[in-house]
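Participant: In my numbering, the protein residues as written are 6 to 92.
Glycine is no exception: its CB is placed at the ideal position from the N, C-alpha and C atoms.
This structure is a prediction, so every number in the text was calculated from the model and none was measured.
#1: Just the C-alpha distance for residue 66 and residue 77, rounded to the nearest angstrom, thanks.
#2: Specify, as a first and last residue, the run of the alpha helix (DSSP H) that residue 18 falls within.
#3: Kindly list the residues whose CB is nearer than 8 Å to the CB of residue 104, restricted to its own chain and excluding five residues on each side of it in sequence; keep chain order.
#4: Just the C-alpha distance for residue 51 and residue 26, rounded to the nearest angstrom, thanks.
#5: Check residue 5 in the structure and name its three-state DSSP category.
#6: Over the uninterrupted alpha helix (DSSP H) stretch that includes residue 78, give me the two end residues.
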């Protein structure tokens, strides 16, 4: 089908074929190229969400471990390895 957008070649390896097979029952009647397109869009969104969640988790950890008002027991944290391994 003609398009003004540039095309890309994608090798249909075993992993991509499996992803298409998983998506096909959810997208009945949809062309395989459209399935690949939609998987790429949703995959990019998922990757961005994962990075954002990791960043938020790190920020929460930094806040928890550096805030003097935190309820974190710093003394226990400093000795957690010795306590856990009873050394």
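Facilitator: On the basis of the data shown:
#1: Here the question's residue 66 lines up with position 61 in the chain shown. Here the question's residue 77 lines up with position 72 in the chain shown. The alpha-carbon atoms of residue 66 and residue 77 are separated by roughly 11 Å.
#2: The residue given as residue 18 occupies position 13 in the chain shown. Where residue 18 is concerned, there is no enclosing alpha helix (DSSP H), given that its DSSP letter is neither H nor E.
#3: Since the displayed the chain opens at 6 and closes at 92, residue 104 lies outside it and no answer follows.
#4: As a first step, residue 51 must be located in the chain shown, where it is residue number 46. As a first step, residue 26 must be located in the chain shown, where it is residue number 21. Each residue's Cα considered, the two are about 19 Å apart.
#5: Lying before the first or after the last residue shown, residue 5 is absent from the chain, which here runs from 6 to 92.
#6: Indexing the chain shown from 1 puts residue 78 at position 73. Counting along the chain, residue 78 falls outside any alpha helix (DSSP H), and DSSP gives it neither H nor E.
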